[in-house]
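Per my numbering, the sequence shown runs over residues 14 to 161.
What follows is a short report on a single structure.
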Amino acid sequence: MPAWQPALFTFAITELVRLQRERFQPLWTVDSWAKLLIWLALSSGCSTDQAALESFAAGLGPGLSQRLRQVFFARELEELNLRLLADPAEDQALALPLDALEGTLDPAAVQTGLERVGLLERVAAPDQWRHHESLIALPWRRQVAPCD
Numbered sequence: 014m015p016a017w018q019p020a021l022f023t024f025a026i027t028e029l030v031r032l033q034r035e036r037f038q039p040l041w042t043v044d045s046w047a048k049l050l051i052w053l054a055l056s057s058g059c060s061t062d063q064a065a066l067e068s069f070a071a072g073l074g075p076g077l078s079q080r081l082r083q084v085f086f087a088r089e090l091e092e093l094n095l096r097l098l099a100d101p102a103e104d105q106a107l108a109l110p111l112d113a114l115e116g117t118l119d120p121a122a123v124q125t126g127l128e129r130v131g132l133l134e135r136v137a138a139p140d141q142w143r144h145h146e147s148l149i150a151l152p153w154r155r156q157v158a159p160c161d
């Protein structure tokens with residue numbers, strides 16, 4: 014196997030995830046991630062039974078799975094100098110500058126970015142955001158069960 018082949022595979026599957034991630038609703042959920050994995054498995058010729066799907070997921074390995082998950086739950090908004098990392102399995106979402114040399118994050122730009130990618134309703138209000146040197150930690154909005 015040529016030395017470049019694993020890098021090419023990683024690049025190709027990462028780009029595939031980046032291009033297809035908006036298809037799997039509801040966005041920003043564990044369900045959307047599971048739907049992507051099922052779609053990848055079925056598109057790769059796996060059968061639909063649970064054992065085959067679990068085997069596919071295990072076959073990706075922890076390193077590739079983590080990389081794909083990071084790509085799936087991240088968005089880059091160049092015009093706002095903003096990178097959002099919003100994996101629902103984490104305690105909070107993160108907002109970071111794409112280019113740290115351009116200065117600190119503007120909370121208004123973060124709010125605009127969150128709205129643009131459909132995350133604004135999923136994170137806590139701006140007064141609950143925690144500002145650090147080069148990032149803003151965005152706690153998830155608490156989901157309140159409806160009263161019966």
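We treat Cβ as the ideally placed atom computed from N, Cα and C, and that holds for glycine.
Residue i, DSSP secondary structure in three states
| i | result |
| --- | --- |
| L132 | coil |
| P19 | helix |
| W41 | coil |
| G58 | coil |
| D161 | For D161, the predicted structure reports a pLDDT of 48, less than 50, and the residue's modelled location is therefore unreliable. A value from the coordinates is still provided. Residue state, collapsed to three classes: coil. |
Outcome for residue i when other beta-carbon atoms lying within 10 angstroms are tallied against a minimum of 16
| i | result |
| --- | --- |
| L21 | exposed |
| L32 | exposed |
| A108 | buried |
| W142 | buried |
| R96 | buried |
| P19 | exposed |
| W17 | exposed |
| F85 | buried |
| G126 | buried |
| P75 | exposed |
Beta-ladder partner(s) of residue i, from DSSP
| i | result |
| --- | --- |
| W153 | V136 |
| H3 | Outside the shown range of the chain (14 to 161) lies residue 3, about which nothing can therefore be said. |
Count the CB pairs spanning the stretch 97-105 and the stretch 38-57 that are closer than 8 Å, and state whether there are at least three. The answer is yes - the stretch 38-57 touches the stretch 97-105, with three or more Cβ pairs under 8 Å.
Assess contact between the stretch 73-82 and the stretch 103-123, defined as three or more Cβ pairs (one per stretch) separated by less than 8 Å. Is contact present? With the cut-off at 8 Å, the stretch 73-82 and the stretch 103-123 do not touch.
Unbroken stretches of the alpha helix (DSSP H), 4 residues or longer, contained in the stretch 77-122: The qualifying runs do not exist here; there are none.
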